[in-house]
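Everything below concerns the one structure shown next.
Residue numbers (our numbering): 21 to 213.
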């Protein structure tokens with residue numbers, strides 16, 4: 021595995037902060053993605069997300085659990101990136117929530133549900149083309165409620181990380197509600213060119 025930026029986890033020449041992470045103050049403490057968004061992993065994510073193959077979530081979660089055994093992250097609970105209620109009704113399930121539920125069982129961490137809510141319906145991130153557009157698309161899109169994350173170290177679960185904008189927006193909402201650290205964990209990293 022090539023050297024990674026310790027914050028965003030993107031491959032680079034050495035293991036110091038990448039230029040993008042040096043330029044921005046972020047709420048997320050770091051992002052890790054064990055796989056690249058290509059080949060079999062790309063197909064698996066598409067089957068989970070768009071072809072209703074929910075059963076694959078347990079196999080994907082097992083890969084995340086294996087990754088965490090070798091690369092532990094500070095975390096007392098898992099929280100999944102939520103879908104907007106309309107998109108959830110359309111799809112019928114949240115793929116990130118399925119991954120979090122299965123991962124929680126494997127690594128014996130609680131999954132805190134309904135503490136992070138998507139309140140802004142925006143176009144899907146996959147339809148944006150630049151990092152700037154992705155950040156703008158999710159600014160103010162999430163709120164966190166309740167006190168179940170207060171004072172806790174959270175591992176935030178999603179399926180794909182492309183720019184980190186969604187994870188950053190979620191981390192901001194969670195930290196504004198008292199979480200002390202947020203690490204993003206996604207199945208795959210898609211590198212924007």
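Backbone N, C-alpha and C define an ideal beta-carbon position, used for all residues, glycine too.
Item, Value
"Beta-carbon spacing of residue 107, residue 141 below 9 Å", "yes"
"Local conformation of residue 24 per DSSP, three classes", "strand"
"Every unbroken beta strand (DSSP E) within the segment 92 to 154, with a cutoff of 3 residues, ordered by chain", "97 to 100, 136 to 138"
"Counted within 10 angstroms of its Cβ, other Cβ atoms place residue 90 as buried (16 or more) or exposed", "exposed"
"Assigned secondary structure, residue 41 (DSSP; H/G/I helix, E/B strand, else coil)", "helix"
"Same chain, Cβ closer than 7 Å to residue 69, five either side skipped, listed in chain order", "115, 179"
"Candidates 186, 105, 166: closest to residue 158 by CA position", "186"
"Selection from 128, 53, 24, 71 that minimises the alpha carbon distance to residue 39", "24"
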